[in-house]
Amino acid sequence: MWRFSIMNSSAWAAQLLRWTAIGIDSADRSLRDAGLSEISAIANYLTTSQLSDNKMTGPNKFIQRSYTVKLKKRASLALIAGVICGVNFFYANAQAVAAQSDSDRIRDLEQKLDQSQQIIQELVVRLNKLESVGQQPAQTGASRASEERPAQPVASNPGITLPLIGTPIHGFADVGGVIGKERGKRKGFTVGSLDLFMTPELGDNVKGLIETVFEVDSEGSLAVDLERLQLGYSFGDYLTAWMGRFHTPFGYWNTAFHHGQQIQTAARRPQFIDFEDKGGILPTHTVGLWGHGGIGLGNGRLAYDLFFGNAPTLDDGVLNMNMGGLRRFKPSVGANIGYEFRDSLDGLKVGLHWLNGEVRNVNLDSKTRMNAAGGYVTYLNEPWEVLSELYRFDNTDITGKSGSHGSWALFGQLGRSFGRWTPYGRVEWTSLNRRDPYFRDMESGVSYTRGAFGVRYDLTSKAALKLEYRHTATKDSSAVGSPPANNSVETQFAIRF
Amino acid sequence: MNRLFSLVAGTLLALYAVVAVASAQSSPTIYVVAGPGTSLTGAEIKEVFLGDKTFSASTSLVPIDNLAVREVFLAKVLGVNAAKYESIWTKKAFRDALNPPKTLDNDSAVLDYVKRTVGALGYVTTTPVGVTVVAKY
Numbered sequence: 000m001w002r003f004s005i006m007n008s009s010a011w012a013a014q015l016l017r018w019t020a021i022g023i024d025s026a027d028r029s030l031r032d033a034g035l036s037e038i039s040a041i042a043n044y045l046t047t048s049q050l051s052d053n054k055m056t057g058p059n060k061f062i063q064r065s066y067t068v069k070l071k072k073r074a075s076l077a078l079i080a081g082v083i084c085g086v087n088f089f090y091a092n093a094q095a096v097a098a099q100s101d102s103d104r105i106r107d108l109e110q111k112l113d114q115s116q117q118i119i120q121e122l123v124v125r126l127n128k129l130e131s132v133g134q135q136p137a138q139t140g141a142s143r144a145s146e147e148r149p150a151q152p153v154a155s156n157p158g159i160t161l162p163l164i165g166t167p168i169h170g171f172a173d174v175g176g177v178i179g180k181e182r183g184k185r186k187g188f189t190v191g192s193l194d195l196f197m198t199p200e201l202g203d204n205v206k207g208l209i210e211t212v213f214e215v216d217s218e219g220s221l222a223v224d225l226e227r228l229q230l231g232y233s234f235g236d237y238l239t240a241w242m243g244r245f246h247t248p249f250g251y252w253n254t255a256f257h258h259g260q261q262i263q264t265a266a267r268r269p270q271f272i273d274f275e276d277k278g279g280i281l282p283t284h285t286v287g288l289w290g291h292g293g294i295g296l297g298n299g300r301l302a303y304d305l306f307f308g309n310a311p312t313l314d315d316g317v318l319n320m321n322m323g324g325l326r327r328f329k330p331s332v333g334a335n336i337g338y339e340f341r342d343s344l345d346g347l348k349v350g351l352h353w354l355n356g357e358v359r360n361v362n363l364d365s366k367t368r369m370n371a372a373g374g375y376v377t378y379l380n381e382p383w384e385v386l387s388e389l390y391r392f393d394n395t396d397i398t399g400k401s402g403s404h405g406s407w408a409l410f411g412q413l414g415r416s417f418g419r420w421t422p423y424g425r426v427e428w429t430s431l432n433r434r435d436p437y438f439r440d441m442e443s444g445v446s447y448t449r450g451a452f453g454v455r456y457d458l459t460s461k462a463a464l465k466l467e468y469r470h471t472a473t474k475d476s477s478a479v480g481s482p483p484a485n486n487s488v489e490t491q492f493a494i495r496f
Numbered sequence: 000m001n002r003l004f005s006l007v008a009g010t011l012l013a014l015y016a017v018v019a020v021a022s023a024q025s026s027p028t029i030y031v032v033a034g035p036g037t038s039l040t041g042a043e044i045k046e047v048f049l050g051d052k053t054f055s056a057s058t059s060l061v062p063i064d065n066l067a068v069r070e071v072f073l074a075k076v077l078g079v080n081a082a083k084y085e086s087i088w089t090k091k092a093f094r095d096a097l098n099p100p101k102t103l104d105n106d107s108a109v110l111d112y113v114k115r116t117v118g119a120l121g122y123v124t125t126t127p128v129g130v131t132v133v134a135k136y
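From first to last, the protein sequence lines stand for chains A and B. For the first sequence, numbering that gives the first Met the number 0 assigns the number 0 to the initial residue and increments by one for each residue that follows. For the second sequence, numbering that gives the first Met the number 0 assigns the number 0 to the initial residue and increments by one for each residue that follows.
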């Protein structure tokens, strides 16, 4: 039952309503129609109506009391709404006034600062003139010439925070453990790799990248690899030319992540694009020339890669990039072209790739013209990550014994971030023709399918924990050392610095 | 009931006042300034600071981060936070051998460096004098 203190409180409420009405009226006339008339009517009724029960008589007393109770409820609600709106507009006006005064003050201060800076500049110019006039009779030709050179950025500026000498070293490292029956993988705790890379500043257009990897092989021995040594020159955004050892630019994954375990979501690369000595079927490194660049096209960017280098060879079933050259030079060539979308499709990249080279088996009398082409689609826009690559092999047995052979390989990975957590899943599938000498002579040239899913947890922006389960089924049971199916679980602690 | 409604109304008023004060405080104006020999459009600023554009015609660009207002610049202009920004440059360095932007402590250091360095591009919050203003946010 509503109770509303009669007479004194109603008069107070009425006056407050009038003030609120005035506030609404003055602050925002567009809202006047919404409540002003009703509030004023209620206010007038409260002050003029007879609310005392003693003054109500006769048969209209009950009707009058019912209406009064309803009116009191409406008045209370209107009071609350009116006070809220009134304070709102009062505060908004106060803020507007304060903001206006603050902006005026800031404008004045900025003008005074501009004037002061102009005065200082004029004084500096005059001082320089006076100094040059005063010193002129004592200058030699050589010192005068040195003062006429344009001023160079002062390296000792206390604002610069980068080191003035040396080259920053960055890198990645990972440790972890594996349990399961994955072919070629040991079980237990493992030390992954330590990847150090440097990008020395060699001048405006000259570039360099040096990367060294320390990793433990499957036998537990420490191996040191000069992963990349590439020196280049940038002609512009449209072309940077490199020479040396570089990551072969096929697909997306190989150049984007490579040994950077912390910057890739999953614990492992897809098997068929793993490194040459770890089961990969493609030359992930090339020694030679590499050009890449990009141009704006439409709302996005067209990026390309072209390379020309030493053809790989098969040595004891493993691809060898021939870092020291070849006895008889055979080239490998390739290209990658992709379009990076912007605006509403920012993060989407689609592309095509192709690589070709004559691959000789140094142990056996076989040569293959390896020819792989395909495409990729990636979408990297938080919280989503989509990676997919497709390869079609049309290899030719150059020795002429078995003709041409076709094979396929593809993978697709999907991940989504939920804060620090990123669950992901990946599917890999290969159908490798074992009559193709390229795959027949390769230790890892075996068809397989793999399903993997895992989760990544970002401890910080530079450290991540991963847990991954993999189920791998090998299609060709005749391959030595290949169980038909196996499961493994891997954990990884990866950092970057 | 009357007291309950008064309490609710008072709470709503107090909350609204807090929100109004917070929203009234605006972030500082960012001026993106360029050094001699630099010709850029506002749309290209993001590409430069994310490593997708390293040249202006034949001039090698030198982006400079202003530590004093970097957080505001990253949010307002690039739409990323500091962790994401660092991750982007890590990948750029790893793949393309690009080094991240140099860092300077404050507006005066940035302006001084930009004025004297060909291809420099920086950002400040004080009204710049003597340099080209590429964009204002």
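Note that the Cβ used here is the ideal one computed from N, Cα and C, for glycine as well.
Going along chain B, which residues have a C-beta under 9 Å from residue 169 of chain A?
-> Numbered from 1 along the first sequence, position 170 holds the residue referred to as residue 169 of chain A. The answer, in chain order, is 89, 92 and 93.
Kindly indicate if chain B contains any beta-carbon less than 8 Å away from that of residue 340 of chain A.
-> Position 341 of the first sequence holds residue 340 of chain A. It does not; no Cβ of chain B falls within 8 Å.
DSSP state of residue 217 of chain A, grouped into three classes?
-> As a first step, residue 217 of chain A is located in the first sequence; it is residue number 218 there, counting from the start. Residue 217 of chain A: coil per DSSP, three-state reduction.
Cutoff 6 Å; reference residue 178 of chain A; Cβ partners in own chain excluding five residues on either side = One-based indexing of the first sequence puts residue 178 of chain A at position 179. So the list reads 186 and 488, once near-sequence residues are dropped.
Rounded C-beta distance between residue 269 of chain A and residue 335 of chain A? I'm assuming under 8 Å.
-> Indexing the first sequence from 1 puts residue 269 of chain A at position 270. Indexing the first sequence from 1 puts residue 335 of chain A at position 336. By a beta-carbon distance limit of 8 Å, residue 269 of chain A does not contact residue 335 of chain A. Their separation comes to about 17 Å.
Under a Cβ-count criterion, where at least 16 other Cβ atoms within 10 Å of its own Cβ denotes burial, should residue 113 of chain A be classed as buried or exposed?
-> On the first sequence, position 114 is the one that residue 113 of chain A refers to. Exposed, since its Cβ has fewer than 16 Cβ neighbours within 10 Å.
Which chain B residues are close to residue 236 of chain A, counting only those with a beta carbon under 7 Å from its beta carbon?
-> Here residue 236 of chain A refers to the residue found at position 237 of the first sequence. By Cβ distance, chain B contributes 52, 53 and 54.
So, helix, strand or coil for residue 28 of chain B, using DSSP?
-> Here residue 28 of chain B refers to the residue found at position 29 of the second sequence. In this structure, residue 28 of chain B counts as coil in the three-state DSSP scheme.
Measure how close the beta-carbons of residue 442 of chain A and residue 316 of chain A come, nearest whole angstrom, since I'm counting them as under 8 Å.
-> The residue given as residue 442 of chain A occupies position 443 in the first sequence. The residue given as residue 316 of chain A occupies position 317 in the first sequence. With a Cβ gap of about 3 Å, residue 442 of chain A and residue 316 of chain A count as contacting.
C-beta contact flag for residue 430 of chain A and residue 406 of chain A at 8 Å | As a working note, residue 430 of chain A is residue 431 in the first sequence. As a working note, residue 406 of chain A is residue 407 in the first sequence. The answer is yes: Cβ separation under 8 Å.
List the residues that DSSP assigns as beta-bridge partners of residue 133 of chain B.
-> The residue you call residue 133 of chain B lines up with position 134 of the second sequence. BP columns for residue 133 of chain B are empty, so no partner.
Whole angstroms is fine: what's the gap from residue 259 of chain A's alpha carbon to residue 121 of chain B's?
-> Taking the first sequence and counting its residues from 1, one reaches residue 259 of chain A at position 260. Taking the second sequence and counting its residues from 1, one reaches residue 121 of chain B at position 122. Straight-line Cα distance between these residues: approximately 30 Å.
Counting only runs that start and end within the stretch 386-451 of chain A, where is the beta strand (DSSP E) found for 3 or more residues in a row?
-> With a minimum length of 3 residues, the continuous beta strand (DSSP E) runs that stay inside the stretch 386-451 of chain A are 403-415 and 420-430.
In or out: residue 237 of chain A buried (at least 16 other Cβ within 10 Å) or exposed?
-> The count along the first sequence starts at 1 and reaches residue 237 of chain A at position 238. Exposed.
Nearest to residue 191 of chain A by CA position, among A:446, A:254, A:215 and A:358, is which residue?
-> For the purposes of this step, residue 191 of chain A is identified with residue 192 of the first sequence, where counting begins at 1. Minimum Cα distance to residue 191 of chain A is reached at A:215.
Could you list which residues in chain B have their beta carbon closer than 9 Å to that of residue 336 of chain A, in chain order?
-> Reading the first sequence from its first residue, position 337 is the one you call residue 336 of chain A. In chain order: nothing, as chain B lies at least about 16 Å away.
Since residue 344 of chain A is in the alpha helix (DSSP H), which residue starts that stretch and which ends it?
-> In the first sequence, counting from the first residue as 1, residue 344 of chain A sits at position 345. Per DSSP, residue 344 of chain A belongs to no alpha helix (DSSP H) and is neither H nor E.
For residue 306 of chain A, does the count of other Cβ atoms within 10 angstroms reach 16, so buried, or fall short, so exposed?
-> As a first step, residue 306 of chain A is located in the first sequence; it is residue number 307 there, counting from the start. With 16 or more Cβ atoms within 10 Å of its Cβ, residue 306 of chain A is classed as buried.
Length-filtered (4 minimum) alpha helix (DSSP H) runs lying within the stretch 22-95 of chain B = 41-48, 69-72 and 81-95
Using 10 angstroms around the beta-carbon of residue 297 of chain A, count the other beta-carbons present and answer buried if the total reaches 16, otherwise exposed.
-> Here residue 297 of chain A refers to the residue found at position 298 when the first sequence is read from its first residue. The residue in question, residue 297 of chain A, is exposed, as its Cβ has fewer than 16 Cβ neighbours within 10 Å.
State yes or no: is the C-beta of residue 203 of chain A within less than 8 Å of the C-beta of residue 171 of chain A?
-> Looking up residue 203 of chain A in the first sequence gives position 204. Looking up residue 171 of chain A in the first sequence gives position 172. Not closer than 8 Å, so no.
Using CA coordinates, which residue listed in A:385, A:299 and A:292 is at the minimum distance from residue 343 of chain A?
-> As a first step, residue 343 of chain A is located in the first sequence; it is residue number 344 there, counting from the start. From the listed residues A:385, A:299 and A:292, the smallest Cα separation to residue 343 of chain A is found for A:299.
Looking at C-alpha atoms only, which residue of A:311, A:169 and A:352 is the closest neighbour of residue 262 of chain A?
-> Here residue 262 of chain A corresponds to residue number 263 of the first sequence, with the count starting at 1. If we check each option's Cα against that of residue 262 of chain A, A:169 comes out closest.
Test item: CB-CB of residue 503 of chain A and residue 314 of chain A under 8 Å = The structure shown does not extend to residue 503 of chain A, since chain A is modelled only from 0 to 496, so the question has no answer here.
Would you mind sorting residue 486 of chain A into buried or exposed? The rule is 16 or more other CB atoms within 10 Å of its CB.
-> For this step, residue 486 of chain A is matched to residue 487 along the first sequence. It is exposed - the Cβ of residue 486 of chain A has fewer than 16 other Cβ atoms within 10 Å.
Counting contacts by CB-CB distance shorter than 8 Å, is residue 128 of chain B in contact with chain A?
-> For the purposes of this step, residue 128 of chain B is taken as the residue at position 129 of the second sequence. True, the Cβ-Cβ gap to chain A drops below 8 Å.
Are the beta-carbon atoms belonging to residue 474 of chain A and residue 490 of chain A less than 8 Å from one another?
-> Sequence index remark: in the first sequence, residue 474 of chain A carries index 475 (1-based). Sequence index remark: in the first sequence, residue 490 of chain A carries index 491 (1-based). No, these two residues do not count as a Cβ contact at 8 Å.
Please report how far the alpha carbon of residue 88 of chain B lies from the alpha carbon of residue 98 of chain B, in whole angstroms.
-> Indexing the second sequence from 1 puts residue 88 of chain B at position 89. Indexing the second sequence from 1 puts residue 98 of chain B at position 99. When the Cα atoms are used, residue 88 of chain B and residue 98 of chain B turn out to be separated by approximately 7 Å.
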